[in-house]
Every structure is written in structure tokens, then in C-alpha cells.
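**Q** The structure's right below; bear with me while I get my questions together.
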Amino acid sequence: MNWIPNIFRRSKIHDDLSEEMRLHIEERTEQLMGEGMSPEEAGRQARVAFGNRTLVEERSRAVWMWPTVESIWGDVRLALRQLRRSPGFTVAAIVTLALAIGANAVVFGVLNSLVLRPVNVSHADSLYVINHRTDDSWESYPNYLDLRDRTRSFDELAAMELSQVALDSGKEPSRIWGFETSANYFEVLNIRPYLGRLFQASDERGVNSAPYIVLSYSYWQSHFQADRNVVGRVVRVNKHPFTIIGVTPPEFRGTFTFFNANFYLPIVNQDQVRGDSELNKRGSRGLIQVLGHLKAGVAPAQAIADLDRVGAGLEKAYPKENTHEEFALGRAGLPGILGRPVRAFVSALTILAGLILLAACANLGSLFAARASDRSREVALRLALGSSRKRILRQLMTEALLISLAGGAAGLFGSVALLRRLDTWQPFSGVPIHVPVRPDANIYLVALLLALVSGLLFSIVPVRQVLRTNPYEVVKAGMSQRAGRRLTMRDILLVAQIAICAVLVTSSMVAVRGLVRALHSNFGIEPNNVMLVETDLKMTGYRQENILATERRMIEALEAIPGVEHVGLVNFPPLGRGGSWKTNVFRDGTSDLRSANAAANAFMYVMSPDYLHAAGTTLLEGRTFTWRDDGSAPPAALVNRAFAAQILGSASNAVGKYYKVADGTRIEVVGVVEDGKYLSVTEAQQPAVFLPVTQQEPLGEQWMLVRSSRDPEQIAAAVRASLHSIDAGMPLDILLWNRELDFSMFPARMASLSLGVLGVMGAMLSITGIFGMAAYSVSKRLRELGIRVALGAKRKEVLQAALGRPLRLLAIGSAAGLLLGLLATRVLAYIVYQATPRDPLVLAGVVLAMVLLGLVATWIPAQRALAVDPMILLREE
Amino acid sequence: MRETTPRDLFPGALEMMILESLRRQPAHGYALVQHIQQRSNNLLQVEEGSLYPALQRLLKAKQVKAEWGVSSTNRKVRTYQITAAGVRHLEQQISSFERMFEGIALVLNPKKATAN
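Structure follows, in C-alpha cells:
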């Protein structure tokens, strides 16, 4: 390989060559002049005899070139010059692609981190979460122990539970979220500590035996200022001393997607942390994840059979607590109940983003085709001067690739910035919810691939055009004036592109409509003017016995605040982030009270007497509770209308009827309340019961609802002062209920937002597409239009001639897109709440949107067509 | 001017003629063209420019070397000289070319060839 030194000698070689050739022609000229020719004639003859000097020079240089790379570099430089000459085209093309590739990179980033590799642990492919086939993953601790000890398919099983504690490290105690895990959690996941050590199976020696806390890297950074001496320090967790033993590595964020744990505690210390413990209650399913690596060589199906075997044994041994449930395996990360919708949603987004890219390619393809036909004269000249068609195609291809790479780079840049924002975004203060989308190498690779593929896609559009060019015809006749009535490639591309865009616009409108409907449906509560106060008496060391009395004092203190209308207390407010409780209910006649015979698994709310007024839930029948519905009174319950209809026959005669709970207690229904939404706004109507706080186990952790039309800030201050006068150390979170509701609206909002963004992108793409087409067709036919005007055509006729075709194509494309979009929204309806394609408003909206897009996009070309001055045009030619 | 349409030379033919000319005496590009046209009795109408890519190939293969100088007519010229490698290459080429030519002649005109 001797091209390396040649590169440095290159310019000398080129200079020598040019000089030599110049001297050659000079010598020939002089000789011809010596034979009696005029200088001009001699010069011409000499050049003819020499042949095509440029070509000779190029070929001579080619001898020395590092062949492909060098000529590609040449192409690139030429392409850059060409693109600089038409900045409008270049910018439009790059922006279009940047948007399309950016959207795809973002969606891929989300897909990549949520679906493809949700948990950042080694050997993630053999890590499974044990789900029930009903998609929920909740399990009780005793069941977990049995599963762990009796199954043979897993190396080891770990379990974890979400937990919120007050952490006191000497300054003001802060309420933070984290995991209570089985002590083998880190061993199962094979996580090495970043600092100190992590707790392990051998730390677990019975109840409250492991007062250790492990901090997450981000919490250690933000709240302990990355202090390396933190290991060994004793902090107070809900007033109990725990030793910080280590910090997890930064890349590990737990096995529960969307939830960034701040700490990890051994679950055996649950009794200390919470003041009571669920570790002995087989019926209390508090564990949100049980997970482990499959043994090498064990197939998932075998493991499921193994789990079902153990499950059948548990059902036989504990029929009251265990229903017949079949197991399934899920991927760690997305919790079972979330996994399916998230996966479906992200897949739908991927498809839509792919459509965007296709539309962008179609758009650029027609732009390039238009450009190639504008340049057909140049192409013809180059062909006539001896350039090969291959060379010209390579040139066009180079331009396309340059644009696609520039667009890809811009899109990638934007999307990485956006993903980083998303990654650090905490939509809710106080809850470590986040969308874990750290951009990685895969994203760069995908963006590069997309750029290259789309570049190739739209650069092949004008190929046929170039191959067909007949240089002689073009040079002789000027622009080929085949004023096409024929269907060209460009028309097809435009229709395809508009159809795709219409699909996007339709789906985003359907999604947005669905959201609007969801937001305006009746949730069975009236959150306006209500302040939520979250407290946890267990965090301040109260034991069971004195909780109820304190709660009553708190309610009375709040009611005494001027301007407060109602005060309610409840275990969890509906649609709150705290989750919900559910309970098995049986018909009064059922005597075999195993869970399999339950009439329903109803939402269960534990409330104070005035809760209904505070929450704004309407009482339809019967009465609400009083403080006299206490332990000595007969057990009473309120039910919602769905419960009454489903289990008691009907709402109107439900009052006075009874239902049973798992321990056999008969509970009298004393009232019926309106239906509502409890866990998420998208759920189907569920049965719910409301029980008096006076007849239940004390809550400790509870929410107070304060209804008042006074200024929220003042109320918040008064609430704080009043509750702190009861207990100065009580941890309080005060916020507006509407703000809290954002939490349950979050998924639907995010879904609609992303679909809306894609819809807007689709609309923008169709504008540029139609605009390009219309502008091109006007500029092509300016002369014809000029003649028409000169011959007396009216404005309407001119417009018809100029824009009829693009508008017809727009109509065809929109109709096709609308149809496809309606088909597509059937799929969408599974994801977006209340998304229905059979909505006249959506249909009208899409049609209107497409018409508006058409008007916007053809406005400027239409103005240009109308402004045609025949005199100027005809004089020019 | 030309009776017949010019025919492309086969690959390597021009190089061979250049090397042969240079073996007789070093020359610059213009002189080489003149020489080849004269020696072929103007039967070979070589486009003058096509000489240069060929010369570059020979330079790259180190079969000739070039030097700027001044000619007898006091012109600035770049004179080419054949190298030892060039001579070896030329001899190989000539012998293989002669065999090829003989073969072609036999196929085209068997009688005449056997008469020889």
C-alpha cells in the first residue's frame, strides 16, 4: 500500500500534471501556428487533438488515488456545494428528517429501557418475576417463604415491598420511599455495593434482627452529599435506630420500573418500621415482587409447572387465604399489572413513529424527485459531456446521505437531550416516580441506521428519472414539458404521505378525545376545594391502642379551623397515589368462605363519619356513619351502587341487607353511595365498600380531607399549626386534592401527550409535503398560467389549473388515511381510555384538520399563481 | 479527415508503445505523441491526452521516471526515462503480445499463416 505517502505528494503530482498538459497544448499550438494557422484556430485544433482535458486530468489523477474513499470525498464536497446553493431545500429536508429520526430515537429509547432491558442487572435474561395469571403480582410473605423453599426451578427467590418511612439523620426527618426486601435481594440480583456492604441472607435471624439500611446512590448523592463516611452512621427510621451499611451502585435502580428507590431495608424489620407486621399474615398480600433467576437449563414452562404444583399445595393447606391461582412468569421491571398496557402503548408508539419516518421519507423522496427533474438539464449536460449515469446517481445518493446524516445527527442530538430530561424528570415531588430512559449506545446505533436507511429510501426515488434522461432531447428542447396528466411517482408518494399523516392525525385526535372524556367523567368525588393531609402516626411512634383517640382529636382540631366546612379521614383517598385496599366479600348465604367462593374483590375504604361530605361523594340511599358505630355497635358498611347491584340485587333495596367477610362476620349495609373511580380513571366500574374507622383496626397511616373554600395556602398553614399542636413531631404532607389526582391522570396524560405530539408532527409533515408539491407544480407551470391569464382566465380558473391536482391528491390521501386511521384506532382503544373511532367529532375534526392543512400548505403557492404577470413572463422567454 | 472510425487500443498497448519509444530515447509527452504517430505512419490516431493517464500509471509502477528540464529547442519539458524495471516489463509484454498477435492472425487468416 503506497497510497499513504502518495497522499502527501498529491499536490505536487497534480501540479506537475497540469503544467505538463498545458505545455503540451502550447507546443502543439505553436507548431500549428508555424504551419500558418491563425492563433485562435491553432489553439482550437490543439485542444481538439488533445481531447477532453478535464477527463484526462481526472483519469490521470485517479491513477494515484486511494480509489473509493477519495472519489467519495470528491462527491461529498460537490454535494455540499450543491446543497449550499439551495439552502431552503436543504434546511427543509434536514428539519423534516431530524424530527422524524428524533421521534424514532426517543420512542426507541423508551422501548429500549422499558421493554427491551428494563432492569439493569447481570444475566437479566434469566431473571423472572412471579406473577399470577391475572397479571397481578401481589404475594404474601408466608406464601413467598413457601414458594422460596418448595420450588426447585429458581436459584433463589427474593421478595420486596414498597415502603415509605421517615428518615431522621439528625436534621429534619424526611419522608422517603424505598423497598423493604428479603435480605437475599442483592445476592439474588448479584449487585455489588458502591460503598460499604449490602445486607445478605445471613443477616436475617428473625423478627427485627437486621436494623440495617442501604441507601441508593442518588439519595446518597442528594441527601448525604456523597459523604463516604456515611457507612456505619446510625440514623432513625420511624424513630428506630438503623445503621447505614452501604450504598448501591449508580446504575442499579431497583427492580421496579418507574420507581426509583431511595433506600433498601430488610423486610424482617417490618415490625419496627411500621409498628406492626404482615410477615405472619398469609392473607395479606403486601409483597409487590417475588423474583429470581431460573436455574440454568430450566425452561420458563417447567418453572410455571413447578410453581403451580407448590401453589396447589398452598391452596389445599390454607383454603381461606389462597384461591386457586395459576402462576405466570413476567419480566422483572414493569410490574405485572402495568406491564401489558405499557408494552402495548410503547409498541403502538413505535409503529406510529415508524409511520412518521415513512411519511418523512415519502416527503423527501418527492422533494428529491422534484429537484432531480429541475436539474434534468444539468444531468443531461453532464451526460453529454461524458459523465457516466452511475457517477451522477452516486452524486445524488451522496446528497441524500449527507442530508439524512445531518438530519439524523440533529434528531439524535435533540432526542438524547429530551431523554436525559425525561430520565431525571420527577413528575411528583415526594414520590420517586421516574421514567428510566438513559440513552445508551443502542440509541446511537439505531439513529445511524435509521438515517442511512431513510437516506437510501428517498434517494432511490429519482433514480429512474436519471436513467431515462436522454441528453440530446433535453439539451435540444429545454425542460421536458411532459405536463403530466399521468400518475407519477411523486403523486403516489404524496398520496401515501398524506394518508400516513391522516392516520396520525386521526389517532392523536381519538386519543385526545378519550382523555378529555376521561377527565370529565364522574369519579364519584368532588376534589375541588379539598386539601389532602397525609400523616402517619406510626412514624412518630404511636402504638395501636392510642391511634383512634388521636385521630378523633385531629379531626376535631381541624373542624375548629375557621372556614373549614368538612373534615374526613380515610385510609387512602380514591385515585390517590397511595394505592388502595381490597377485600373479599361473600354473599350472605355463602357458608364456605374460601376466597374462591368470594362474590367480589371489592375496594375497601376505611372512613370517618364526615368523610362523604368532605370527599363530595353523594349518599344515594340510607345513612352514613356516626361516631356511635363503634366496636360495640353491629358492624356496618356503606357500599357503592355497583356493589349493591352486583351483590345485593339492586341499589334501591340494598339498605338493611347483609354481606359476609372472610372471617364469617355478617356486615349490615346501612347506605348506598354513588359509583366512582378508585385506582385509575381508566378502570371499569368496580364494587367498593366503605367501613367506619371506629370498627376497624386503627390505621395510623391515613389521609385527612379538609374541605374549605378559603385560600389553600392559609388553610395549609392553619392545618399544620393545628396538627402540630397535638403532636409537634407529626410528619405532614399537605397538598390540593386536584394536584394529587394528577398522579392517577399521569399515564393517560402521558399517552395523550405523546400521541398528540406525533399527530402534530404528522400534520407538519403533510404541510411540508403538500406545500412542496403545490409550490413545485405552480413554478413548473408559471408560463402556462401566464398564458391563461393573458387569454383572460379568471382567478378561479387559474387556481383550479395551478392547485387542482395537489388538492385532489390531498383529498384522496386524506380519505385513505381517515379510513386507515379509524381501523388503527380499534387498536388504540385498548390503550387509551374511552378512545372510540366512532365519534362524529373526531371524524369532523380530522376532515377539518386536513382541509386546514391543505389551505395552509397551498396558500403561498396560490398567491404566487394569482400574482402571475403574463407580460413579464412572456417577455422573459 | 479520418476514413475509418478510430478503434480503441487494447489495454496496455499504449503503455507498451510508450515504453518502446522511451527505450530508444528519453522524451517528453509531446515528443512521445509525435513519435508514436510518425512511427505508425499515422495509422494509429491516438488522442493526445490519453497519453497522460498511461504515463501516470507507468510512473506509479516505477517503470519510468520523470524529470523537469529544458529541451534542445529551449522549452520547459518534463522528460521521461525508462527504468530497469520498465525494460523488463516491456520485454515480457512484447513476447506475450507477439504470441497473442500470432494467435489472432492464425484464427483470422489460416491459409496465409500456414503458407508462412
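Sequences listed follow chains A and B, in order.
Counting from 1, one number per residue, gives the positions in the first sequence under this note's numbering.
Counting from 1001, one number per residue, gives the positions in the second sequence under this note's numbering.
Positions of the beta carbon are idealized from the N, C-alpha and C atoms, including for glycine.
Please work out which residues of its chain come closer than 7 Å, Cβ to Cβ, to A:ALA774, disregarding the five sequence neighbours upstream and downstream, and give them in chain order.
**A** LEU803, PRO806, ALA857, THR858 and PRO861
**Q** How would you list, in chain order, the residues of chain A whose beta-carbon sits under 9 Å from the beta-carbon of B:PRO1011?
**A** Chain A residues near B:PRO1011: none, gap ~13 Å exceeds 9 Å.
**Q** Just to confirm the assignment, what range does the alpha helix (DSSP H) spanning B:TYR1030 have?
**A** 1029 to 1039
**Q** State the CB to CB distance for the pair A:LEU396 and A:ALA372, rounded to an integer number of angstroms; the pair is presumed to be in contact (CB under 8 Å).
**A** That pair is a contact at about 7 Å.
**Q** Going by DSSP in three states, A:ASP423 sits in which element: helix, strand or coil?
**A** helix
**Q** Determine, using beta carbons only, whether A:LEU402 and A:ALA79 come nearer to each other than 8 Å.
**A** yes
**Q** Looking only at its chain, what residues have a beta carbon closer than 8 Å to the beta carbon of B:VAL1046, apart from the 5 residues adjacent to it on each side?
**A** So the list reads LEU1009, LEU1014, VAL1033, ILE1036 and GLN1037, once near-sequence residues are dropped.
**Q** In chain A, which residues lie less than 9 Å from B:LYS1076 when you measure between Cβ atoms?
**A** Within chain A, the residues near B:LYS1076 are GLU19 and LEU23.
**Q** Starting from B:GLU1047, trace the alpha helix (DSSP H) in both directions and tell me its first and last residue.
**A** It is not in any alpha helix (DSSP H) - B:GLU1047 carries neither H nor E in the DSSP assignment.
**Q** With a threshold of 16 other CB atoms inside 10 Å of the CB of A:MET479, please say whether the residue is buried or exposed.
**A** Confidence at A:MET479 is low in this model, with a pLDDT of 49, below 50, so its placement is unreliable and the value that follows should be read with caution. The residue in question, A:MET479, is exposed, as its Cβ has fewer than 16 Cβ neighbours within 10 Å.
**Q** Just tell me which of A:ILE767, A:ALA348, A:GLY246 and A:LYS320 has its CA closest to the CA of A:ASN229.
**A** A:GLY246
**Q** Tell me whether the stretch 761 to 768 of chain A and the stretch 499 to 516 of chain A touch, counting them as touching only if at least three CB pairs, one residue from each stretch, are closer than 8 Å.
**A** yes
**Q** In terms of alpha-carbon separation, which member of A:ALA93, A:GLY196, A:GLN164 and A:PHE690 lies closest to A:VAL673?
**A** Residue A:PHE690 is the option with its Cα nearest to A:VAL673.
**Q** Cβ closer than 9 Å: which chain A residues qualify as neighbours of B:TYR1080?
**A** Within chain A, no residue comes near B:TYR1080; the closest Cβ sits about 10 Å away, beyond 9 Å.
**Q** Buried or exposed: which applies to B:MET1017, given that a residue is buried once 16 or more other Cβ atoms fall within 10 Å of its Cβ?
**A** buried
**Q** Give every residue of the same chain whose Cβ lies closer than 7 Å to the Cβ of A:GLY671, excluding the five residues on either side of it in the sequence, and list them in chain order.
**A** LEU619, GLU621, GLY622, ARG623, THR624, LEU638 and VAL655
**Q** Is it a yes or a no for the stretch 109 to 123 of chain A touching the stretch 343 to 352 of chain A, going by three-plus beta-carbon pairs under 8 Å?
**A** yes
**Q** State whether the stretch 143 to 160 of chain A contacts the stretch 217 to 227 of chain A, with contact taken as three or more CB pairs (one from each stretch) at a distance under 8 Å.
**A** no
**Q** If we define contact as Cβ-Cβ less than 8 Å, is B:GLN1056 a contact residue for chain A?
**A** yes
**Q** If you follow the alpha helix (DSSP H) that B:PRO1053 is in, where does it begin and where does it stop?
**A** Residue range 1051 to 1060 is occupied by the alpha helix (DSSP H) that includes B:PRO1053.
**Q** Taking A:ASN104 as part of the alpha helix (DSSP H), name the residues at either end of that continuous run.
**A** 87 to 111
**Q** A:GLN714 to A:PHE572, Cα distance in whole Å?
**A** 24 Å
**Q** How about A:GLN465 and A:ASN363: do their beta carbons lie closer than 8 Å?
**A** No. Outside cutoff.
**Q** Taking the alpha carbon of A:VAL437 as the reference point, which residue from A:ARG420, A:SER163, A:TYR444 and A:ALA447 has its own alpha carbon closest?
**A** A:ARG420
**Q** Any beta carbon from chain B within less than 8 Å of A:ALA483's own beta carbon?
**A** Model confidence at A:ALA483 stands at a pLDDT of 46, short of 50, so the residue's coordinates are unreliable; what they give is reported in the following sentence. Output row for A:ALA483: interface = no.
**Q** For A:ASN442, collect the residues of the same chain with a Cβ closer than 6 Å to its Cβ; drop the 5 residues on either side in sequence, then sort them by chain order.
**A** ASN112
**Q** Could you tell me whether any Cβ in chain A is nearer than 8 Å to the Cβ of B:THR1004?
**A** Only weak support is given to the placement of B:THR1004: the predicted model assigns it a pLDDT of 40, under 50, and the value that follows is read from those uncertain coordinates. Not one chain A Cβ lies under 8 Å of B:THR1004.
**Q** Would you list, in chain order, the members of the stretch 1026 to 1042 of chain B that have their beta-carbon closer than 7 Å to a beta-carbon of chain A?
**A** Cβ contacts with chain A: GLY1029 and TYR1030.
**Q** Output, in chain order, the set of chain B residues within a Cβ distance shorter than 8 Å of A:GLY51.
**A** Correct list: GLU1047, GLU1048, GLY1049 and SER1050.
**Q** Whose C-beta lies closer than 7 Å to the C-beta of A:VAL463 among residues of the same chain, with five residues either side of it excluded?
**A** LEU393
**Q** Would you kindly work out how many angstroms separate the C-alpha atoms of A:PHE643 and A:PHE523, rounded to a whole number?
**A** 16 Å
**Q** Looking at C-beta atoms only, is the number of pairs between the stretch 646 to 665 of chain A and the stretch 694 to 713 of chain A that lie closer than 8 Å three or more?
**A** no
**Q** If we count the other Cβ atoms within 10 Å of its Cβ and call it buried at 16 or more, is A:ARG285 buried or exposed?
**A** buried
**Q** What is the rounded straight-line gap between the Cα of A:PHE179 and the Cα of A:VAL91?
**A** 50 Å
**Q** Evaluate B:THR1073 with the Cβ neighbour count: other Cβ atoms within 10 Å of its Cβ, from every protein chain shown; 16 or more gives buried, anything less gives exposed.
**A** exposed
**Q** Could you pull the DSSP bridge partners for A:HIS566 from this structure?
**A** Residue pairing by DSSP places A:HIS566 opposite A:ARG707 in a beta bridge.
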